[in-house]
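Contents: one structure, followed by commentary.
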Amino acid sequence: SQTIHQWPATLVQPVGSPLSLECTVEGTSNPNLYWYRQAAGRGLQLLFYSVGIGQISSEVPQNLSASRPQDRQFILSSKKLLLSDSGFYLCALGASDNSPLHFGNGTRLTVT
Amino acid sequence: QKEVEQNSGPLSVPEGAIASLNCTYSDRGSQSFFWYRQYSGKSPELIMSIYSNGDKEDGRFTAQLNKASQYVSLLIRDSQPSDSATYLCAVLDTGRRALTFGSGTRLQVQP
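Structure representation (structure tokens):
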């Protein structure tokens, strides 16, 4: 079965600090991978998606970036965090283009 | 901008009643639709997928799709307090190979 690992579960970072969130998946090969963000009390906003190694599509460029160095690894980064980057960051896996997404447990980021 | 609209609620129903959750979408070409449940502080979990017009039943859950009206609904029969959560409607955007989510409807089941 497919498993999505996300860490850390919670993170408190000061404004201007860097960020690196990692997502790894098991039980599948060549998956579509996604980063979503959910601000407090809001819906899910698509940030990035990837259909393969090194292939990244950006929805919200701003000060965030994503990389996919390996088939089952997806990384979300920032060089300098903003207060508005606070939220619940979710990595998701899609087995194929038409399949539903399955989410990891998420990382709750608070920028202070 | 493709949109998915849901009433934010809260929708309050007594235990044992039927809860009806509704969703409309803007992209007439959409073919795949999903309902997720999200408990407070947790990640969304998939509860139903529907791809064809009509009803699809899974236990106490029934998803209904009407592509002509661009409308998707979720019925929860015999609602339980454990069903209290936010329900997210999602539509597959084939152009982006990603799901577009509504903002969710908060359901409260009163014991």
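From first to last, the protein sequence lines are chains A and B. So in this note's numbering, the last one in the first sequence is 160, and the numbering has no gaps at all. So in this note's numbering, the last one in the second sequence is 189, and the numbering has no gaps at all. Each residue gets a CB set at the ideal place from its N, CA and C atoms; glycine is no exception. All values reported here derive from a predicted model rather than from experimental measurement.
| Closest Cα partner of S65 of chain A within the set A:H150, A:S126 and A:Q50 | A:S126
| task | Take T51 of chain A as the anchor and find which of A:T155, A:P79 and A:F96 has the nearest alpha-carbon. | result | A:P79
| query | Does any CB atom of chain B fall closer than 8 Å to the CB of L112 of chain A? | reply | no
| query | What does DSSP give as the partner residues of E83 of chain B in its beta bridges? | reply | B:T102
| task | Could you have a look at D171 of chain B and say whether DSSP puts it in helix, strand or coil? | result | strand
| Using 8 Å as the limit for Cβ to Cβ distance, is L239 of chain A near chain B? | With chain A covering only 49 through 160, there is no way to say anything about residue 239 of chain A.
| said: Quick check: Q186 of chain B and P92 of chain B, are their CB atoms within less than 8 Å of each other? | reply: no
| query | Where does I124 of chain B sit, in a helix, a strand or coil, going by DSSP? | reply | The sequence given here places Leu at residue 124 of chain B; Ile does not occur at that position. In the structure shown, L124 of chain B sits in a strand (DSSP, three-state: E or B).
| request: May I ask you to list, following chain order, the residues of the segment 137-151 of chain A that have a beta carbon less than 7 Å from some beta carbon of chain B? | output: L138, D145, N146, P148, L149, H150 and F151
| said: Just to confirm my understanding: we take R144 of chain A, look at its own chain, exclude 5 residues before and 5 after, and list those with CB closer than 8 Å. What are they? | reply: According to the sequence shown, residue 144 of chain A is Ser rather than Arg. If we look at S144 of chain A and ignore the five residues flanking it on each side, its Cβ neighbours are N80.
| task | Go through its chain and collect everything with a Cβ distance to Y137 of chain A's Cβ below 7 Å, but skip five positions before and after it. | result | L69, W83, R85, L124, G154, T155 and L157
| message | Am I right that I125 of chain B and R115 of chain B are in contact with their C-beta atoms under 8 Å? What's the rounded C-beta distance? | response | 5 Å
| task | Could you round the C-beta distance between T183 of chain B and L99 of chain B to whole angstroms and report it? I think they count as a contact, below 8 Å. | result | 5 Å
| query | Mind pulling the chain C residues with CB within less than 9 Å of N80 of chain A? | reply | In the structure shown, chain C cannot be found, because the protein chains are A and B.
| message | Please report the distance separating the alpha-carbon of Y117 of chain B from that of D161 of chain B. | response | 9 Å
| request: For P122 of chain B, I'd like the list of residues in its chain whose CB is within less than 6 Å of its CB, leaving aside the five on either flank, ordered along the chain. | output: Y114, Q116 and L166
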